[in-house]
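This report refers to the structure that appears directly beneath it.
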């Protein structure tokens, strides 16, 4: 049995097409409808009505302001979100201030194990409150410096063992990638503590000393192990010696045309460079290295020399005295002949058959060593001054052309006897911070 539905009040109303709500697709370009003028005999604008064609409420679907991403005029909403799903800004600021206080206490500690636990807790808190620990570690929030700077300043003088935790290494891991300003802070901290060992460790990281495009291709993207070891001269407070080893020396000079080595000695940051100059060919240059934000460096006298020895001089055994009398056996006679030929620099039988080829030093590689290359590097007049900025040109640099020395001129030639078999150049820089004289630099 089917019962007809009784009409309900309001079912008989017919909604005019003009009064129908606009479609959602049309709201992007159509402004909201103007308020309707009340018809005569109808309800006043202030009267409430339940009719569908009455003025829409601000939260009704007909109102454009109720749509996500739309404002009352039908345009795009500002980027502010409707709901704040993350932590409040006050809580984030309190966590930020707490972490800065923990970092201040952390860099004062010498117990690396406890400090690493505090640092891990700071990293967890930053992730929970949408903060960047790397940014906090690189902000100069502690007496004008970064927490990493103070960690280096308070670092123990003894180098930790490889299996022991290190606060500086942990901070650098959480702070990566490093900005240029932070790299300058690391240089400055190593200089203030005269920590040459840590400075050389940092130099081998790509963030600290990025490669040029040519060097990156030549070396396969690996940072070249340009070893620099500095030692003080006993009983001479003004002298030091820097031992350097430069891999792939000739190829890098021909293509990149510049090799720069930085090291710390006598409380100063130095730079030893090999460059290809347009006017003088291959040069060696020695002087101060500028640090952005660093303190003023006073001028100083410098007397130095660059020494490059034939590798055979380091591996060649001292000559054995020849026997005074006639040989007592055939074996003793053959050994005497070989010793005599080696002392006179004659090529051995293997070298005569070309067995010495491919060593990087040509034939006669095991013959008598050549005399060392010695380049006297000093200013003719005045003291060595530091640059005021990276682009400053009014500072002094000790430069010496390799073209003027017959032995040093051979460094650019293939088969040069002063180049190691693996293509490296081994040299030492002897320097004294005294007024140059006629005597030898370091005897």
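Residue numbers (the numbering used here): 2 to 444.
Ideal placement from N, C-alpha and C gives every residue a C-beta, glycine not left out.
For residue i, count the other beta carbons within 10 Å of its own beta carbon; 16 or more makes it buried, fewer makes it exposed. Which is it?
i           : result
residue 245 : buried
residue 218 : exposed
residue 316 : exposed
residue 250 : buried
residue 248 : buried
residue 147 : buried
residue 415 : exposed
residue 112 : exposed
residue 186 : buried
residue 95  : exposed
residue 436 : exposed
residue 183 : buried
residue 152 : buried
residue 165 : exposed
residue 240 : buried
residue 257 : buried
residue 290 : buried
residue 129 : exposed
residue 177 : exposed
residue 358 : Interpretation of residue 358 is limited by its pLDDT of 37, a score under 50 that renders its predicted location unreliable; the figure taken from the coordinates is listed afterwards. Label assigned to residue 358: exposed.
residue 226 : exposed
residue 233 : exposed
residue 89  : exposed
residue 216 : buried
residue 190 : buried
residue 167 : buried
Considering just the uninterrupted stretch of the beta strand (DSSP E) at residue i, what are its terminal residues?
i           : result
residue 130 : Segment: none, residue 130 is in no beta strand (DSSP E) and carries neither H nor E.
residue 259 : 259–266
residue 284 : 282–289
residue 217 : Note, residue 217: premise wrong, no beta strand (DSSP E); alpha helix (DSSP H) at 214–219.
residue 205 : That residue, residue 205, is in no beta strand (DSSP E); it is neither H nor E in DSSP.
residue 272 : 269–278
residue 376 : 374–379
residue 230 : 228–233
Going by Cα to Cα distance, which pick from the options is closest to residue i?
i           : options            : result
residue 287 : 194, 429, 204      : 429
residue 371 : 408, 397, 98       : 408
residue 155 : 274, 94, 107, 176  : 107
residue 174 : 437, 138, 215      : 138
residue 382 : 230, 303, 100, 236 : 303
residue 385 : 271, 129, 133      : 271
residue 120 : 101, 131, 130      : 101
residue 143 : 424, 167, 103, 369 : 103
residue 116 : 172, 255, 127      : 172
residue 380 : 220, 267, 432      : 432
residue 267 : 209, 422, 193, 252 : 193
residue 276 : 200, 262, 124      : 262
residue 253 : 196, 243, 90, 213  : 213
residue 387 : 424, 426, 411, 292 : 292
residue 181 : 158, 126, 157, 140 : 140
residue 145 : 105, 413, 197      : 105
residue 124 : 427, 188, 99       : 99
residue 410 : 374, 427, 199      : 374
residue 434 : 417, 378, 406, 413 : 378
residue 197 : 230, 179, 405      : 230
residue 134 : 160, 157, 93       : 93
residue 136 : 118, 159, 97       : 97
residue 204 : 159, 308, 162, 265 : 265
residue 114 : 91, 169, 159, 132  : 169
Secondary structure at residue i, three-state DSSP: helix, strand or coil?
i           : result
residue 179 : coil
residue 250 : helix
residue 1   : Here the chain has residues from 2 to 444 only, and residue 1 is not among them.
residue 124 : helix
residue 402 : strand
residue 435 : coil
residue 420 : coil
residue 239 : coil
residue 171 : helix
residue 141 : coil
residue 190 : helix
residue 426 : strand
residue 199 : helix
residue 408 : coil
Assuming the contact rule is C-beta atoms closer than 8 Å, residue i and residue j should be a hit. Round their C-beta distance to whole Å, please.
i           : j           : result
residue 419 : residue 311 : 6 Å
residue 400 : residue 284 : 6 Å
residue 376 : residue 306 : 6 Å
residue 282 : residue 426 : Not really, about 16 Å apart at Cβ, beyond 8 Å.
If you follow the alpha helix (DSSP H) that residue i is part of, which residue opens it and which one closes it?
i           : result
residue 301 : No alpha helix (DSSP H) contains residue 301, which DSSP labels as neither H nor E.
residue 95  : 90–107
residue 293 : Neither: residue 293 is in no alpha helix (DSSP H) and is coded neither H nor E.
residue 313 : 312–316
residue 148 : 148–154
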